[in-house]
Amino acid sequence: MSDRVTYLPWARPEDVGNGALAVTAAGQDIGITLGRFGPGDVIGLGDNEILRREPPPGSVGFQPSYFPFIEFGAPDLPWRLTPTEPDAHGRLRPWLALVVVPVEGESPLAQAAGAPLLEIQLAADQLPQIDEIDLWAHVQLPADPQATPEQLLATAPDRALARVISPRALVPRKQYLACVVPTFEAGRLAGLGQPLPDPRSADPAWGSVAVTLPVLDSWTFSTTDAGDFETLARRLKPRDLAAASRPWPIDVFRISGEADGRVVPFETALVPAGWSDPWHGSARGIAANRLRTWLQRVADASAEVPAVGPPLYGGMAAASGLTEPGWTGELNLDPRLRAAAALGADFVQRNQDALVADAWRQLGDIRRANRERDVAALAGLVTNRLVARHVQPLTPESALSVTAPVLARQKAGDATALAAVASSALPTAVLAPAFRRLAVTKGRAGPDAQAAFVARMSTRTPPQGALPPAPPQLLTVARARPRLGAVPHPPIGVVHPPIGVVHPPTVPAQPSVGHPQPSVGPAHPPIGPAHPPAGSAQPPAGPALAQRRAVVDAGIRQLALRAIRTVEVPLQRPLAIDAMSRSATSDLAGFDIAARRLAARLDLGDTGREVRPTAPLVGAIDVPWPLADGLVEMDARYLMAGVAPPPDTAGLLEINAGFVTAALVGANDELIHELTWRGAKVDRRATPLLRFFDRRGTAADAATDIAPVASWPANDSLASNFAFTGRAVILLRGELVRRFPHSVVHAAHAIREDPLRKPGPEVRLPLFRGAITDDTIFVGFDLTPDEMRGPDGLGWYVVITEQPAAPRFGLDEASEHQLKTWNDLAWNDVAVLQSYVTASARVPVPADPGGFVWNHDAAHMAGITYQRLVAIAIHAADMLPPPPPPTHL
């Protein structure tokens, strides 16, 4: 049915109706007739059976051109209790249906005495045709090219669901009640608590007269205005906004006087692409001269009486005066840019409590941190004074003993100072607290004697003692050599094999009489030297004797390697007491433990962990408030003054970087002033507000629009410090925006498809997005207007796509377009009887049906009425003025 899902018209367990089961009991065969439960056997529907209700209960914005429906987790539930068999066309009526009725005032549901379910009274014109109920219930399964839907349903029923649709024609701005009701008379009587003659009766639950039906499940919802996404998207028209836009005029008479050109065109953050209305006349120069004079008078520190005048925007961050040419001069000498900076400051003043609270959450309790820093600095000063008074006057030997606790934290080469003492001739017991107490309380000879004792112990050389005698049972080389040297001579004609090789004895062919028989297997020679029989002759000197001596020498060498151990005895060198005591005393004076503990408790961010006693702690803050939203709250015209798009418009604007950066500088100046006034220790050159546009939810969420103002080069222009100068911004206004505010907007590069062009696979996601009114939004891209127009004739499309959602079913709103595919099927293409779609009354046939047939079965009707996502593409060239004609020389 589609690339993702497929449909079945119905599903039901294997038919066991009228089946016979043979049971053997007491030697006799007994036949039992089996049958399934019918609709009259059920008087309730558990909530755990329901997966989804569309629209959700209590919703107020349901599109009136769509169908309400309910989904069940068991794929066979709507047909499980159906008492009939499929008809000749393979269609099977479900035992329940979804009926939707309008609600006026009180709920039409009632509870009869003794009835197990709620009930509702409905006229015949409020019910769908009973013989078409089977067209509006189907089974949905995931598409699988390796298996048929029937196979998938049998092997993986948990991946399938059942859906019951109500093909009701809804009215805009109306409240409705959706009810799940039985479709067979047996189910109706059982739900009302009335006697029923046959629980499996196939009689229909309603006909052409009014009827009271039990309600298995119900919920209410309301519809919104008419107009689905596709209808509203078709209304959008691309327009050139520059043709009908005019900038705001502002009068600079208080600065320029009656000079020519005192009415200034005021361009705000967003202006039409290619729009230029420069400032002409002598008023511009006169205003700049007067502003320069006033600012210099205010900045004159040598004046006897300080002057009060206009602020120097960006002066704190730049740490300099006016730079001409440069961004500070451009900002402060142009009344238009000063007005933009004043708007930024006004935004901070209006939201100062929330902005300061956000900054304080990042700064933490700076006052308390500075107070603890001062206490730590005092503790360090006291430590230094104590060391200077009580430690530094001591002799090096006494000072080393007193500073012993810090030796474990002092580095001496690759190890600690304590490790250096341990490897020296000085015993570590000299540094123990017990020795220090003994030297103080029991030392009768005075500190000189103690110093002499420590000095003597630090230079002593311990004698090397003799090795202990070897135990008698220990086999040494000296003891093994005589025994190994007294190797007897082998008998004449017999050559002993080398040590480690054992040869089996030779077994004689005929054993001698009176001698025992030899055992089978190798015989091991006795351990130790073997003595030859008495009277045997010694072998002559020669190769055999040399071989024997070589074997003996090899054995001695092996024993020597095993018996000898190499023991490394470290050399205990004298300890340089003077140098170590001076180093320990110096470290003790500089070891500010209170400051280190305070630094471990504070998170100073980029400022590091150094707690200096003369530098107060300051906090770096980043307040992620988009300034554009604040300007819109003040007055939407501050964002695009002079631009008044008509309804259902798609236009193209560009960013006025001069206004944006000026507003950010003014806002940051005001916020730093406010934080300083409230006692926050912040860097007066900091830039807390770095964002003009809202980037939340975009790929550049963490990026900023400007760098910190203190890092701007003094000679740069104001606009060059904005990250996206001259980038294109798409403006959308219309009912589509109000009804579908979360529509997806992106840019797609055009590709050629002769003789036309269309959106291609290359896309650009938005840099930022914002709302001006409830029906107007703007979306920015990292493309210039000229790039979007395309020098090659292709350019970029702006694509507006419906927000992806769960599957929906319905029809398009009534339209006059030709029915080319089932996706174009509208309400005026079908017949509606008693407020419900009647499939048999009118059979629409599109030019390309795609394999679906109207009124065939529920699977075909689901594929036909499934609402696919809608996207509309508008080329940027249609929103721009035509390019100037080329000039010919």
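In my numbering, the protein residues as written are 963 to 1851.
The beta carbon of each residue, even a glycine, is placed where N, CA and C say it ideally should be.
A quick note: this is a predicted structure, and the numbers were derived from the prediction, not measured.
How about residue i and residue j: do their beta carbons lie closer than 8 Å?
| i | j | result |
| --- | --- | --- |
| L1756 | I1713 | yes |
| A1839 | G1722 | no |
| A1059 | V1794 | no |
| L1589 | F1228 | no |
| G1628 | A1279 | no |
| L1097 | N1817 | yes |
| R1841 | D1239 | Looking at the sequence shown, residue 1841 is not Arg but Met. No. Outside cutoff. |
| R1689 | E1616 | yes |
| L1084 | V1063 | yes |
| G1219 | I1248 | yes |
| M1419 | V1383 | no |
Which of the three DSSP states is assigned to residue i in this structure?
| i | result |
| --- | --- |
| H1242 | coil |
| V1004 | coil |
| A1206 | coil |
| V1475 | A caution first: V1475 carries a pLDDT of 37, below 50, which makes its placement in the model unreliable, though a value can still be read off. Correct three-state label for V1475: coil. |
| H1704 | coil |
| G1149 | helix |
| F1654 | coil |
| Y1275 | coil |
| L1795 | strand |
| D1667 | coil |
| L1356 | coil |
| W1758 | strand |
| T968 | strand |
| A1091 | Note that residue 1091 corresponds to Gln in the displayed sequence, not to Ala. In the structure shown, Q1091 sits in coil (DSSP, three-state: anything other than H, G, I, E or B). |
Could you name the residues of the same chain whose beta carbon sits closer than 7 Å to that of residue i, not counting the 5 residues immediately before and after it, in chain order?
| i | result |
| --- | --- |
| V1318 | E1636, L1637 and R1640 |
| V1022 | S1184 |
| D1736 | R1700 |
| A1204 | P1234, A1235, G1236, W1237 and P1843 |
Report all residues from its chain with a CB closer than 8 Å to the CB of residue i; omit the five preceding and five following residues, and keep chain order.
| i | result |
| --- | --- |
| L1274 | L1257, V1260, A1261, G1283, L1284, T1290 and N1294 |
| V1594 | Y1600, L1601, G1732, A1733 and I1734 |
| D1591 | D1656 and G1732 |
| A1809 | Q1780, L1781, K1782 and T1783 |
| P1845 | R1751 |
| T973 | Reading the sequence as shown, one finds Ala at residue 973 and not Thr. Excluding positions up to five away in sequence, the list reads P1037, D1038, W1041, V1101, L1115, A1122 and A1124. |
| A1140 | R1015, P1030, I1032, L1060, V1061, V1062, S1128, S1180, W1181, T1182 and F1183 |
Report all residues from its chain with a CB closer than 6 Å to the CB of residue i; omit the five preceding and five following residues, and keep chain order.
| i | result |
| --- | --- |
| L1698 | L1194 and A1195 |
| Q1796 | D1087 |
| G1076 | G1155 |
| A1833 | V1761 and T1763 |
| G1006 | none |
| H1704 | Q1765 |
On the premise that residue j lies in contact with residue i, defined as a C-beta separation below 8 Å, what is that separation, rounded to the nearest angstrom?
| i | j | result |
| --- | --- | --- |
| A1099 | R1125 | 7 Å |
| S1170 | E1147 | So it is not a contact: roughly 14 Å between Cβ atoms. |
| A1188 | A1221 | At roughly 57 Å, the Cβ-Cβ gap does not stay under 8 Å, so A1188 and A1221 are not in contact. |
| V1585 | P1670 | In fact, because the Cβ distance is near 13 Å, the residues do not count as touching under 8 Å. |
| A1788 | A1801 | A1788 to A1801, Cβ: 15 Å. No contact. |
| G1604 | R1208 | 5 Å |
| I1583 | L1626 | In fact, because the Cβ distance is near 15 Å, the residues do not count as touching under 8 Å. |
| A1624 | L1232 | With 8 Å as the limit, A1624 and L1232 do not qualify as a contact, their Cβ atoms being about 14 Å apart. |
| V1065 | T1182 | 6 Å |
| P1090 | I1082 | No, P1090 and I1082 are not in contact; Cβ-Cβ is about 15 Å, not under 8 Å. |
Out of the options, which one is the CA nearest neighbour of residue i?
| i | options | result |
| --- | --- | --- |
| Q1314 | L1007, D1179, G1020 and I1634 | I1634 |
| A1546 | P1395, V1171, P1675 and Q1354 | Q1354 |
| E1016 | D1009, F1024 and A1105 | F1024 |
| F1743 | A1710, L1718, P1717 and D1736 | A1710 |
| P1040 | L1178, P1608 and P1806 | L1178 |
| P1321 | D1774, N1630, A1776 and V1622 | The residue you asked about is not Pro; residue 1321 is Ala in the sequence shown. Of the candidates D1774, N1630, A1776 and V1622, the one whose C-alpha sits nearest the C-alpha of A1321 is N1630. |
| T968 | R1201, F1034 and L1123 | L1123 |
| P1026 | R1726, A1820, Y1798 and P1843 | Y1798 |
| E1632 | F1621, A1648, I1617 and A1820 | A1648 |
| A1304 | R1347, N1251, T1230 and T1345 | T1230 |
| E1094 | D1819, L1831, Q1829 and T1827 | D1819 |
| K1199 | L1614, F1686 and P1703 | L1614 |
| L1158 | E1112, Q1083, V1142 and G1000 | G1000 |
| F1684 | H1708, G1149, A1676 and F1654 | F1654 |
| R1252 | H1242, V1214, P1268 and G1277 | V1214 |
Would you check whether the ligand FAD has a heavy atom nearer than 7 Å to the C-beta of residue i?
| i | result |
| --- | --- |
| T1230 | The ligand content of the structure shown is nil, which means the ligand FAD is not present either. |
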